[in-house]
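**Student:** Residue numbers (UniProt numbering): 240 to 606.
Take a look at this one; I'll ask things after.
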Amino acid sequence: SSYDAGEHDSFMHKEMVEQPAAAERVLRGRLDERFGTAHLGGLGMDARETRAIRRVKILGCGSAYYVGQMGAALVEELARIPADAEAASEFRYRDPIIEPDTLYVAVSQSGETLDTLLAVQEVRRKGGRVIGLVNVVGSAIARECDGGIYLHAGPEVAVASTKALTNMFLGFALLALQLGRVRDLSIADGKRLIAGLQRIPEQLEAVLAREDEIAGVAARLAEAESLFFIGRVRGFPVAREGAQKFKEISYRHAEAYQTSELKHGPLALISEAVPTVAVVPYDELTDRNVGALHEIAARRGPLVVVTHADVDLGDVDAVRIDVPRNERELDPILLTLPLQLLAYHAALLLGHDIDKPRNLAKSVTVE
Ligand code: G6P
């Protein structure tokens, strides 16, 4: 085929590096600078129907589920509509209540994940409206949905999803913007977020430019048998995705935890042998997050902090990875990229097959 890894050692590397260009494609033609909103023609809903939505339920598996949690936060923040994400693999087994004024959103790179497809069918069987955030055009999930947002990430081959995931996040930002602008999101806030979205490709590029530095940090983490990834509120799905990537390709035990819950259990496991990767954006929770870092440092837990230059870590002994700041609602995706690079470089050092980790498939089409 014409799609190969080229000068890259793996598809995962190629696909990580393609993210700025992929991000431009998902945004192209969909931003309305004048009215501070998004145009998503594929949703097939007019303003009145969009306005009638009272709840958003996001369904996906693996990384698509974690980015769904980021998406739920975007919908709640921008549109002030209650939203949550659930593992599509669990959804249909608990006899879910399907409501006519809920918008169901299926998220999938391949569009072929059976658990997600069956969740969509369960919603439709009960008369619910489902849209898809799907990368592969014409895939099973895309065909089964009432409408959707194609992700335009281009082909993704590595099992560990990178550029598709970034575009899922941006797809959610567009959806949240459109939902918000038929409600109480002001035109000024809409414009602020559009300007933020337009900065994302160059900011992703700026993170990629620091790959060598991040590779150096990965070398320290690769030696650990077990790690924590922590974050809270907006940062927690970022930590979940970071832990998922790390365990998928480095085969190290990586556990995601809410920073706020550390003291309610896992702090017992912190020691010199157990590093923590902490997601600490510059936001209303920075001080509390830094407080938790002190707790970890006091137990001699090695710390890597993915953060912003404006964050003052005080005297905490930590290796920091600073990423460019955007609007705080949009920061999660920029905080995610260094975690992809950490997982990739750890796996590379450990000599693993980056693109085809053991026991995993790119797309799981069985139950
Ligand atoms: C598999 C892959 C994951 C992926 C998930 C969902 O489990 O190993 O990397 O996130 O499927 O795939 P989808 O194609 O539905 O996004």
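Backbone N, C-alpha and C fix where the C-beta goes; we use that ideal spot for every residue, glycine too.
Since we're looking at a predicted model, the values are computed, not measured.
Ignoring anything shorter than 3 residues or poking outside the segment 317–360, list the beta strand (DSSP E) runs there in chain order.
**Tutor:** Those beta strand (DSSP E) runs which fall completely within the segment 317–360 and span 3+ residues are 322–326, 341–347.
**Student:** Give the C-beta separation of MET251 and ALA397 to the nearest angstrom, bearing in mind that I take them to be a contact with Cβ-Cβ under 8 Å.
**Tutor:** Your numbering for residue 251 matches position 12 in the sequence shown. Your numbering for residue 397 matches position 158 in the sequence shown. Going by Cβ atoms, the distance from MET251 to ALA397 rounds to 4 Å, so yes, they are a contact pair.
**Student:** According to DSSP, is LYS296 helix, strand or coil?
**Tutor:** Looking up residue 296 in the sequence shown gives position 57. Shown here, LYS296 sits in a strand according to DSSP, grouped into three states.
**Student:** Below 8 Å, can you find three or more Cβ-Cβ pairs linking the segment 289–301 to the segment 380–395?
**Tutor:** no
**Student:** Of the choices LEU576, VAL603, GLY275, ALA324, whose alpha-carbon is the least far from that of ILE439?
**Tutor:** Taking the sequence shown and counting its residues from 1, one reaches residue 439 at position 200. Of LEU576, VAL603, GLY275, ALA324, the residue nearest in Cα terms is LEU576.
**Student:** Name, in chain order, the residues that DSSP records as bridge partners for ARG364.
**Tutor:** Locating residue 364 in the sequence shown gives position 125, where the first residue counts as 1. DSSP lists no beta-bridge partner residue for ARG364.
**Student:** For ALA507, count neighbouring Cβ atoms within 10 angstroms of its own Cβ and tell me buried if that reaches 16, exposed if not.
**Tutor:** In the sequence shown, residue 507 corresponds to position 268, counting from 1. With a 10 Å radius around the Cβ and a threshold of 16 neighbouring Cβ atoms, ALA507 comes out exposed.
**Student:** Can you check which of these residues, GLU325, TYR242, MET255, ALA244, is closest to GLU450 by C-alpha distance?
**Tutor:** Translated into positions along the sequence shown, residue 450 becomes position 211. MET255 is the residue among GLU325, TYR242, MET255, ALA244 whose C-alpha sits nearest the C-alpha of GLU450.
**Student:** In the DSSP assignment, the beta strand (DSSP E) including THR515 goes from what residue to what residue?
**Tutor:** Looking up residue 515 in the sequence shown gives position 276. Boundaries of the beta strand (DSSP E) around THR515: 515–519.
**Student:** For VAL398, is the beta carbon positioned less than 7 Å from some heavy atom of the ligand G6P?
**Tutor:** Taking the first residue of the sequence shown as position 1, residue 398 is located at position 159. Because some heavy atom of the ligand G6P lies under 7 Å away, the Cβ of VAL398 counts as near it: yes.
**Student:** By alpha-carbon positions, which one of GLU606, LEU588, LEU552, ARG294 ends up nearest to SER489?
**Tutor:** In the sequence shown, residue 489 corresponds to position 250, counting from 1. Nearest option by C-alpha distance: LEU588.
**Student:** Spatial neighbours of GLY552 within its chain, please: C-beta separation below 7 Å, excluding the five flanking residues on both sides.
**Tutor:** Sequence index remark: in the sequence shown, residue 552 carries index 313 (1-based). Note that residue 552 corresponds to Leu in the displayed sequence, not to Gly. Counting only Cβ-Cβ distances below 7 Å, and skipping sequence neighbours, we find VAL529, LEU532, VAL544, ARG559.
**Student:** Are the Cβ atoms of PHE322 and VAL295 separated by less than 8 Å?
**Tutor:** Looking up residue 322 in the sequence shown gives position 83. Looking up residue 295 in the sequence shown gives position 56. Checking the sequence shown, residue 322 turns out to be Ala, not Phe. Yes.
**Student:** Please classify LYS502 as buried or exposed, where buried requires at least 16 neighbouring CB atoms within 10 angstroms.
**Tutor:** Within the sequence shown, the letter at position 263 stands for residue 502. Burial call: exposed.
**Student:** I'd like the span of the beta strand (DSSP E) that includes residue 184, first residue to last.
**Tutor:** With the chain represented from 240 up to 606, any question about residue 184 goes unanswered, as that position is not in the structure.
**Student:** Can you tell me whether GLN348 sits near the ligand G6P, meaning its C-beta is under 7 Å from at least one heavy atom of the ligand?
**Tutor:** Within the sequence shown, residue 348 is the residue found at index 109, counting from 1. Under cutoff, so the answer is yes.
**Student:** DSSP three-state call for TYR288: helix, strand or coil?
**Tutor:** Taking the sequence shown and counting its residues from 1, one reaches residue 288 at position 49. The sequence as given places Glu at residue 288; Tyr does not occur at that position. The answer is helix: DSSP assigns GLU288 an H, G or I state.
**Student:** Please name the residue, chosen from VAL518, GLU246, VAL359, that lies closest to PRO476 on a Cα-to-Cα basis.
**Tutor:** For this step, residue 476 is matched to residue 237 along the sequence shown. Of the listed residues, the one whose Cα sits closest to PRO476 is VAL518.
**Student:** Compare the C-alpha of GLY268 against each of LEU413, PHE330, LEU298 and name the closest.
**Tutor:** Position 29 of the sequence shown, counting from 1, holds the residue named residue 268. Of the candidates LEU413, PHE330, LEU298, the one whose C-alpha sits nearest the C-alpha of GLY268 is LEU413.
**Student:** Tell whether a beta-carbon distance below 8 Å holds between ALA303 and LEU418.
**Tutor:** As a position in the sequence shown, residue 303 is number 64, starting the count at 1. As a position in the sequence shown, residue 418 is number 179, starting the count at 1. Not closer than 8 Å, so no.
**Student:** When DSSP builds the beta bridges, which residues end up paired with SER465?
**Tutor:** In the sequence shown, the residue the question calls residue 465 occupies position 226. Note: SER465 sits in a beta bridge opposite HIS492.
**Student:** At a threshold of 7 Å, does LEU599 count as lining the ligand G6P (C-beta to nearest heavy atom)?
**Tutor:** In the sequence shown, counting from the first residue as 1, residue 599 sits at position 360. Yes, the Cβ of LEU599 comes within 7 Å of a heavy atom of the ligand G6P.
**Student:** Considering only the alpha carbon of each residue, which of LYS486, GLY540, LEU460, VAL369 lies closest to ASN598?
**Tutor:** Counted from its first residue, the sequence shown places residue 598 at position 359. Closest option to ASN598, Cα to Cα, is LYS486.
**Student:** Starting from THR546, follow its DSSP beta bridges and name the residues at the other end.
**Tutor:** Here residue 546 refers to the residue found at position 307 of the sequence shown. For THR546, which the question treats as bridged, DSSP gives the partners VAL519, ASP561.
**Student:** Put TYR389 into one of helix, strand or coil per three-state DSSP.
**Tutor:** In the sequence shown, residue 389 corresponds to position 150, counting from 1. Strand at TYR389.
**Student:** Could you tell me if THR604 is buried or exposed, where buried requires 16 or more neighbouring beta carbons within 10 angstroms of its beta carbon?
**Tutor:** Locating residue 604 in the sequence shown gives position 365, counting from the first residue. Exposed: under 16 other Cβ atoms inside 10 Å.
**Student:** What does LEU506 pair with, by DSSP beta-bridge criteria?
**Tutor:** Within the sequence shown, residue 506 is the residue found at index 267, counting from 1. Paired residues: none, contrary to the question.
**Student:** Out of GLU511, GLY474, LEU573, VAL562, which has the shortest C-alpha to C-alpha gap to LEU524?
**Tutor:** Taking the first residue of the sequence shown as position 1, residue 524 is located at position 285. It is GLY474.
**Student:** Helix, strand or coil, according to DSSP, for ILE593 in the structure here?
**Tutor:** By one-based count along the sequence shown, residue 593 stands at place 354. In this structure, ILE593 counts as coil in the three-state DSSP scheme.
**Student:** With a threshold of 6 Å on Cβ separation, who are the neighbours of ALA585 within its own chain once the five nearest residues in sequence on each side are excluded?
**Tutor:** The residue you call residue 585 lines up with position 346 of the sequence shown. Excluding positions up to five away in sequence, the list reads ALA457, LEU460, ALA461, SER489.
**Student:** If the criterion is Cβ atoms closer than 8 Å, does the pair ASP561 and ALA582 meet it?
**Tutor:** Locating residue 561 in the sequence shown gives position 322, where the first residue counts as 1. Locating residue 582 in the sequence shown gives position 343, where the first residue counts as 1. For ASP561 and ALA582, no; Cβs fall outside 8 Å.
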